[in-house]
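A.B. asks: Supplied in structure tokens, the structure appears directly below.
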Amino acid sequence: MVLKVYNTLTRKMEEFIPLQGKKVNMYVCGPTVYDHCHLGHARSYISFDVIRRYLIYRGYDVNYISNVTDVDDKVIYRAKETGEDPFTLSARFTGSFIEDMENLSVLPPDSRPKVTEHIHEIIEALKTLLKKGTAYVTQKGNVYYDLSSSVEKIGVLSHQTAEGLLEGSGRRVDVEDDKRYQLDFALWKVVPEDEAGWDSPWGRGRPGWHIECTVMSMKYGSEQLDIHGGGMDLIFPHHEAEIHQSESCTGKHPFSKYWLHNGFLTISKEKMSKSLGNFFTIKEVLKKFPAGTVRFFITYTHYRSTVDFNEEALEEAGRARKRLLNTIYNIKNALFDAPDYDKDCGLGELIEQTRYAFITAMDDDFNTREAIGDLFVFSRKVNSIITDEEPGKASLNHVIGLFSEIDEVLGIFDDSKSCAPEVNIIELSEDNIIELISIRDNARYNKDWKKADAIRDELKEKGIALEDGKEGVRWRRKG
RNA sequence: GCCGAGGUGACAGAGUGGCUAAUGUAACCGACUGCAGAUCGGUUUUUCGGGAGUUCGAAUCUCUCCCUCGGCACCA
0 MVLKVYNTLT
10 RKMEEFIPLQ
20 GKKVNMYVCG
30 PTVYDHCHLG
40 HARSYISFDV
50 IRRYLIYRGY
60 DVNYISNVTD
70 VDDKVIYRAK
80 ETGEDPFTLS
90 ARFTGSFIED
100 MENLSVLPPD
110 SRPKVTEHIH
120 EIIEALKTLL
130 KKGTAYVTQK
140 GNVYYDLSSS
150 VEKIGVLSHQ
160 TAEGLLEGSG
170 RRVDVEDDKR
180 YQLDFALWKV
190 VPEDEAGWDS
200 PWGRGRPGWH
210 IECTVMSMKY
220 GSEQLDIHGG
230 GMDLIFPHHE
240 AEIHQSESCT
250 GKHPFSKYWL
260 HNGFLTISKE
270 KMSKSLGNFF
280 TIKEVLKKFP
290 AGTVRFFITY
300 THYRSTVDFN
310 EEALEEAGRA
320 RKRLLNTIYN
330 IKNALFDAPD
340 YDKDCGLGEL
350 IEQTRYAFIT
360 AMDDDFNTRE
370 AIGDLFVFSR
380 KVNSIITDEE
390 PGKASLNHVI
400 GLFSEIDEVL
410 GIFDDSKSCA
420 PEVNIIELSE
430 DNIIELISIR
440 DNARYNKDWK
450 KADAIRDELK
460 EKGIALEDGK
470 EGVRWRRKG
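Below you can see the structure in the form of structure tokens.
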């Protein structure tokens, strides 16, 4: 079985072969922390989290790096608006971001470097570029990358020509005037005394947006990465700029062997944007939906497709996920009176088939949609087996084992970190519940359905669901 | 202007040359149940934007037409 990934660089599906054996250096562009993260960030980081977890599952030794851009024009402008110190502001939103990621069960990266902690390395990189003659300092003290030194790389990722890019940029008004060439990009920007900045050989300033990723990916990963990821919107100019400056810095090609980009998230079919006012922060969404549902919603779409967010879609995802959770619940119930001796009922073979289907789907450019589809098939068959037959404890535990195994990759079942409020749950003691159930059993025995239903309704209101089955009544707290 | 993605059943969304086109949601019917829930079976679903062609065979390849969405130096 061969893992294939879609590489933006070649626009083709390619077999995934890391540069060195099983070692994978993976860098994913993190957020600029000038505000709370929105659902688009969630989409991106959950997608790459699943990719990372799958690579680990497939036996790769993954070094995952994801930065935080904690100084940038947007941070400065926002700080000016609020009157806050820019570093206090970015520290605050960095905290918010990390909290969101934890709540969404996104595994922490092996390294989470911040730009402000790497100014020295950035200056060193600029010195290297200047020494090589692929960057230049202007009269004002700005440092730009000199694209004429690597014209052959223009458009390698965006697949556009310089003319095409200029045509597009011609509509922009903010063309800086001290560049030699319009497509050159800033490596260092001079700033006035009263703005956040650092001293450098070229005067007081701050780094340009792209150089941080070059510097930090090399420091924490390698001069050449196996995977570089991010949102589709980063393809140009951000990732292309990284290619120019990184390869110029090291003289090595390629900077990253595979480039993976996730698709956008739209809100009710419209592009998410502040001007449209259709912006949702992760925190807002997690107040309404369990984290597992949000992850399920995102994972149930291929990472490169556009995914449309609306409440109905989330609710639908929640109901779909519930089916899988119910299966797990049903197995756990079946375990109570399952025989101890080995009785397989075909579960072993089913588990093998499902694992194979999961790997086949995921090997195809991380086709989580198909992988989860197979999980539903598995789920249905398991439900049939446990109602029609009586598999042994060991076999049932193996089924649970497969769910856990797959969830190590997808992370869609565990709600323990969810901060969504449980709806209408009033704490009842277990004794209390059992007492009510026994009163109801009595009523049912006497065919006093009115009374029995009243108790069931009462418990339902208090968040306890009763389910009558062949083996008697079962209860559970509604999640 | 340049570049890209996509149009599949009620809806969402896989599949990209060959058994009855996954899977989920919804609605309805049936089984189980006193009822409900959960679960299982069935229906909505001979159908893949329109047309032409290639082929023994196409949702899948080619041509053409129509439509939707996104990117082009703020952005995940």
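Per numbering that gives the first Met the number 0, the very first residue in the first sequence carries number 0; after that it's consecutive.
Every residue gets a Cβ at the ideal spot worked out from N, C-alpha and C, and that includes glycine.
Whole angstroms are fine: how far does the CA of P390 sit from the CA of Y340?
C.D. replies: Cα-Cα distance, rounded: 9 angstroms.
A.B. asks: Compare the C-alpha of F92 against each of P108, V67, L103 and name the closest.
C.D. replies: Out of P108, V67, L103, V67 has the C-alpha closest to the C-alpha of F92.
A.B. asks: Looking at I153: is its Cβ nearer than 9 angstroms to the Cβ of R294?
C.D. replies: It is not a contact, given that the beta carbons lie outside the stated cut-off.
A.B. asks: Report all residues from its chain with a CB closer than 7 angstroms to the CB of G131; omit the five preceding and five following residues, and keep chain order.
C.D. replies: The question names Gly, but residue 131 is Lys in the sequence shown. Closer than 7 angstroms at the Cβ level, and outside the excluded window around K131, lie S247.
A.B. asks: Does DSSP classify I16 as helix, strand or coil?
C.D. replies: Three-state result, I16: coil.
A.B. asks: Output the distance between the C-alpha atoms of A442 and K450, rounded to the nearest integer angstrom.
C.D. replies: Roughly 6 angstroms separates the two Cα atoms.
A.B. asks: Looking at the unbroken alpha helix (DSSP H) that takes in F397, where does it start and where does it end?
C.D. replies: First, the amino acid is wrong: residue 397 is His here, not Phe. Per DSSP, H397 belongs to the alpha helix (DSSP H) from 392 to 409.
A.B. asks: Helix, strand or coil for P420, going by three-state DSSP, please let me know.
C.D. replies: A caution first: P420 carries a pLDDT of 45, below 50, which makes its placement in the model too unreliable to give a value.
A.B. asks: Grouping DSSP H, G and I as helix and E and B as strand, with all else coil, what is A185?
C.D. replies: Of the three classes helix, strand and coil, the one that applies to A185 here is strand, per DSSP.
A.B. asks: Give the DSSP bridge partners of L465, in chain order.
C.D. replies: For L465, which the question treats as bridged, DSSP gives the partners W474.
A.B. asks: What is the DSSP secondary structure of I122, reduced to helix, strand or coil?
C.D. replies: It is helical.
A.B. asks: Starting from the C-beta of F15, find all residues in its chain whose C-beta is less than 6 angstroms away, skip the five residues before and the five after it, and write them out in chain order.
C.D. replies: Taken in chain order, the residues that qualify are L2, V4.
A.B. asks: Helix or strand or just coil, what does DSSP make of A134?
C.D. replies: Strand.
A.B. asks: Below 8 angstroms on the Cβ atoms is my guess for L128 versus Q244; work out the distance and round it to an integer in Å.
C.D. replies: 6 angstroms between Cβ atoms; contact.
A.B. asks: Taking a contact to mean a Cβ-Cβ separation below 9 angstroms, would you say I405 touches A370 in this structure?
C.D. replies: Taking 9 angstroms as the Cβ cut-off, I405 and A370 qualify as a contacting pair.
A.B. asks: Here's the rule I'm using: 16 or more other beta-carbon atoms within 10 Å means buried, otherwise exposed. How should H158 be labelled?
C.D. replies: Counting Cβ neighbours within 10 Å, H158 comes out exposed, since fewer than 16 surround it.
A.B. asks: Can you give me the C-alpha to C-alpha distance between D60 and F365, rounded to a whole angstrom?
C.D. replies: If you take the alpha carbons of D60 and F365, they lie about 18 angstroms apart.
A.B. asks: What number of angstroms, rounded off, separates the C-alpha of M217 from the C-alpha of I97?
C.D. replies: Near 23 angstroms, if we compare the C-alpha coordinates of I97 and M217.
A.B. asks: Can you round the beta-carbon distance between I327 and F235 to whole angstroms, since I take them to be within the 8 angstroms contact cut?
C.D. replies: The pair is not a contact, with the Cβ atoms about 44 angstroms apart (cut-off 8 angstroms).
A.B. asks: Look at the Cβ atom of K251, then the Cβ atom of I226, and state whether they are nearer than 9 angstroms.
C.D. replies: No.
A.B. asks: Count the other CB atoms, across all protein chains shown, that sit within 10 Å of the CB of L275; report buried if there are 16 or more and exposed otherwise.
C.D. replies: With fewer than 16 other Cβ atoms within 10 Å, it is exposed.
A.B. asks: Determine the closest residue to G230 out of A240, N261, H209, Y355, with distance taken between C-alpha atoms.
C.D. replies: Closest option to G230, Cα to Cα, is N261.
A.B. asks: Where does the unbroken beta strand (DSSP E) through Y26 begin, and where does it stop?
C.D. replies: Its beta strand (DSSP E) spans residues 22 to 27.
A.B. asks: Answer with buried or exposed for T87, where buried requires no fewer than 16 other C-beta atoms within 10 angstroms of its C-beta.
C.D. replies: Exposed, since its Cβ has fewer than 16 Cβ neighbours within 10 Å.
A.B. asks: Keeping to the same chain, check which residues put their C-beta closer than 6 angstroms to that of F254; ignore five residues upstream and five downstream.
C.D. replies: If we look at F254 and ignore the five residues flanking it on each side, its Cβ neighbours are I242, S245, E246.
A.B. asks: When you compare only the Cα positions, how much space is there between Y143 and A240?
C.D. replies: Approximately 11 angstroms between the Cα atoms of the pair.
A.B. asks: Would you give the residue range spanned by the beta strand (DSSP E) that W258 belongs to?
C.D. replies: Note, W258: beta strand (DSSP E), 255 to 261.
A.B. asks: Below 7 angstroms CB to CB, which residues in the same chain sit around K380 once its five sequence neighbours on both sides are set aside?
C.D. replies: Answer for K380: L349, listed in chain order.
A.B. asks: Can you check whether the CB of E470 is closer than 9 angstroms to the CB of D336?
C.D. replies: It is a contact, given that the beta carbons lie within the stated cut-off.
A.B. asks: So for D34, helix, strand or coil by DSSP?
C.D. replies: It is coil, neither helix nor strand.
A.B. asks: In terms of residue numbering, what span does the alpha helix (DSSP H) encompassing T265 cover?
C.D. replies: Careful: T265 lies outside any alpha helix (DSSP H), inside the beta strand (DSSP E) at 264 to 266.
A.B. asks: If contact is defined by three or more beta carbon pairs under 8 angstroms, each pair taking one atom from either stretch, is the stretch 44 to 57 in contact with the stretch 307 to 320?
C.D. replies: These segments do not touch.
A.B. asks: Between the C-alpha atoms of W208 and S383, what's the straight-line distance to the nearest angstrom?
C.D. replies: So the alpha carbons of these two residues sit roughly 56 angstroms apart.
A.B. asks: Find the nearest neighbour of L458 within the set L233, L427, R10, W197, judged by alpha-carbon distance.
C.D. replies: It is L427 whose Cα lies nearest to the Cα of L458.
A.B. asks: Fully enclosed by the stretch 317 to 382, which alpha helix (DSSP H) runs are 4 residues long or longer?
C.D. replies: Segments of the alpha helix (DSSP H) lying fully in the stretch 317 to 382: 346 to 362.
A.B. asks: Helix, strand or coil for N277? Go by DSSP, reduced to three states.
C.D. replies: Correct three-state label for N277: coil.
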